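Take a look at the structure below.
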Amino acid sequence: CQQLQLPQHMHHQQQQQRHLQLPQQHAQVNREVATPSPKTTGGSSFSTATPAEAGSFETSAPSSPASSVHTEHQEDDMNSEEGSTGTAATSSSFPSIHNMAAEVSAAFWRSLSFWESKSQQQEQQKLQEKQQQQKLQKKQQKEQKQQQQCEEGAASCQQGLKRQPLLQHFRSVQQPRQGLRQAERMRVGVIAPGAGTTANAAVYARLGSQPGVEMSIKGKPRANYDRYPSSWPGGSNGPNLESFAAELSQGGRIERHDVLVFGSRGGQVVLPSLWHKYGARVPPAVVINGGCAMGLPTVVEWPETAITFLLMGAQDSFRGRMGREEYLADAQARVPKGNSSTAILFVNEMTHMPQSVLLGDVLEPMLRTIASWKSGSVPTEHLKAVVDAVSAKGKWSGRLLYTSSPGCWEERSFGSPSAALGGA
156 CQQLQLPQHM HHQQQQQRHL QLPQQHAQVN REVATPSPKT TGGSSFSTAT
206 PAEAGSFETS APSSPASSVH TEHQEDDMNS EEGSTGTAAT SSSFPSIHNM
256 AAEVSAAFWR SLSFWESKSQ QQEQQKLQEK QQQQKLQKKQ QKEQKQQQQC
306 EEGAASCQQG LKRQPLLQHF RSVQQPRQGL RQAERMRVGV IAPGAGTTAN
356 AAVYARLGSQ PGVEMSIKGK PRANYDRYPS SWPGGSNGPN LESFAAELSQ
406 GGRIERHDVL VFGSRGGQVV LPSLWHKYGA RVPPAVVING GCAMGLPTVV
456 EWPETAITFL LMGAQDSFRG RMGREEYLAD AQARVPKGNS STAILFVNEM
506 THMPQSVLLG DVLEPMLRTI ASWKSGSVPT EHLKAVVDAV SAKGKWSGRL
556 LYTSSPGCWE ERSFGSPSAA LGGA
């Protein structure tokens, strides 16, 4: 019996040792899974035991319960350390992920804001391009309309109206010339500086005595303001002709007149100053010497709807070194292309100060012409009267030019070309 009990007692002891070593084996297996590579601690290397080695260790080197318990606690401590280290590593990765998400979100909103701004800029650019195209189209349509009107006027010229005697063109006119003299009341304002109110005083006196004419002279020649402004070579600060024009415009004194008369420097300075301030509201004007249609130091803001009759002479000092044709063509070119209410009476024999006989013959019919031009149609009857007056005595020769439509000029000659003085 003792022989049989001894192995049984040893058997119980071996089972107890296995129970104590089982947690150690589980811990060892966990370390193998967590750290497959060998560890080095304190200069000593420990290799991980395989299950077979663990089994051989159990039979060949049994350990005491005390040592087994101590090893288990050590492994538990190691496991707890490894767990805490893993937890710390996992928790330490959370801030980096949060920062990365914030950066991605910020980059997304920056990109969205950039594309929205770029889209708005593109829309604004498209809108500006569309507005420019509309302006260009309106400008082209206006130019085409003016060109069409000019072509229609040119077609009428080709039908025999251009460069033919004016008397032949107006044979169909049945109204007698006396009817033109019996026009409605005409209030005339003469701007004295440059208009020759002293040399041609008799002409203006006779004009003021005509039936239906109310004439007043504005300003005085050789007054302290009768000088060019500082913007002109050799000009002066005020008082000057510009300040004189400003005085004339006060209280609507200019607008009370039906027609105005300018001459020489008055046409160069006073009329452009009034145009600059009032535009087309300035009454129709007769401009002796055509000063507003010259190359001046200041820009002339000639209104497209202005009604103007220029009296120019081939012997005028304003002509300078230009030939007659060049002088006349230069004046025509300075009239706005869209204007259809401008006339030029070009007299070959006229000097800077118009001869009294010439001015006395043509001034009143010229004023009647621009007074009737307000209706919008070309006053052909009054233009005929101008040519009748200038050619009645047979002393004068030249041409009458006028705009029949925007940019289109018609021309009538009078007198004998051989009477012209001064050559070409």
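Under this note's numbering, the residues of the sequence shown are numbered 156 to 579, in order. Built from N, CA and C at the ideal position, the CB exists for glycine as well. The structure displayed is predicted, hence computed values, not measured ones.
From the options, residue whose alpha carbon lies closest to that of residue i
i      : options                        : result
Glu410 : Pro394, Arg436, Phe417, Ser385 : Arg436
Gly493 : Trp457, Glu480, Leu500, Asp485 : Trp457
His507 : Gly478, Val517, Pro376, Ser472 : Ser472
Gly446 : Gln423, Gln405, Gln295         : Gln423
Phe569 : Trp430, Val454, Ala547         : Ala547
Ala127 : Glu284, Met521, Phe464, Thr460 : Past the boundaries of the shown model lies residue 127; the chain is included only from 156 to 579, so the question cannot be answered.
Ala488 : Gly363, Trp564, Glu298, Ser419 : Trp564
Gly562 : Gly367, Lys297, Ser428         : Lys297
Ala357 : Pro509, Pro534, Thr535, Leu415 : Pro509
Tyr380 : Pro366, Ser364, Gly421, Gly351 : Gly421
Leu518 : Arg377, Ala378, Thr535, Leu466 : Leu466
Ser404 : Val441, Lys285, Tyr433         : Tyr433
Trp430 : Gln365, Ala486, Ala400, His253 : Ala400
Pro520 : Val414, Asp485, Glu459         : Val414
Pro452 : Leu291, Tyr383, Gln299         : Tyr383
Ser398 : Pro348, Lys294, Lys293, Val454 : Pro348
Gly367 : Gly406, Lys300, Arg340         : Arg340
Cβ neighbours of residue i in the same chain (closer than 8 Å, five flanking residues each side left out)
i      : result
Leu576 : Here Leu576 scores only 49 on pLDDT, less than 50, and its place in the model should not be relied on; the value that follows carries that caveat. Contacts found: Ala469, Gln470, Asn503, Glu504.
Gln333 : Caution is warranted here: a pLDDT of 40 is assigned to Gln333, below 50, making its placement in the model unreliable, and no coordinate value can be reported.
Gly198 : Reliability fails at Gly198, whose pLDDT of 42 lies under 50, so the model's placement of it is uncertain and the value that follows must be treated cautiously. Hits under 8 Å: none found.
Ser385 : Ser391, Asn392, Asn395
Residue burial classification, residue i (beta-carbon count within 10 angstroms, cutoff 16)
i      : result
Lys373 : buried
Val512 : exposed
Lys539 : buried
Met477 : exposed
His412 : buried
Ile443 : buried
Ile499 : buried
Gly553 : buried
Gln275 : exposed
Gly418 : buried
Phe269 : exposed
Leu426 : buried
Gly549 : exposed
Val490 : buried
Ser428 : buried
Trp264 : exposed
Met255 : exposed
Ala378 : exposed
Thr623 : Residue 623 falls outside the range modelled here, since the chain spans only 156 to 579, and no answer is possible.
Arg479 : buried
Ser259 : The question names Ser, but residue 259 is Val in the sequence shown. Per the 10 Å Cβ criterion, exposed.
Val454 : exposed
Which residues DSSP lists as bridging residue i, in chain order
i      : result
Lys373 : Ile346
Thr131 : Look at the range of the chain in this structure, 156 to 579, and you will see that residue 131 is not part of it.
Thr558 : Trp564
Ala152 : This structure cannot speak to residue 152, because the chain is shown only from 156 to 579.
Gly553 : Val502, Phe569
Pro384 : Ser391
Leu415 : Gly344, Ala440
Gln470 : Thr506
Val368 : Met341
Contact set for residue i: own chain, Cβ-Cβ below 6 Å, skip 5 residues either direction
i      : result
Ile462 : Pro439, Ser496, Ile525, Trp528
His537 : Arg523, Thr524, Ser527
Asn355 : Ser511, Leu514
Leu555 : Leu500, Val542, Arg567
Arg474 : Tyr482
Pro534 : Thr524, Ser527, Trp528
Chain-order list of residues whose beta-carbon lies under 7 Å from that of residue i (same chain, five-residue window excluded)
i      : result
Ala350 : Val416, Phe417, Gly418, Gly421, Ile443
Gly363 : Met370
Ala486 : Gly445, Ala448, Leu465, Met467, Ile499
Ser272 : none
Glu459 : Pro491, Gly493, Asn494
Arg361 : Gly515
Does the region 340-352 come close enough to the region 368-386 that 3 or more CB-CB pairs lie under 8 Å? As far as the Cβ criterion goes, the region 368-386 touches the region 340-352, which means the pair count is three or higher.
Segment contact flag, the region 540-552 with the region 383-392, C-beta cutoff 8 Å, min 3 pairs: No: the two stretches stay apart, fewer than three of their Cβ pairs being nearer than 8 Å.
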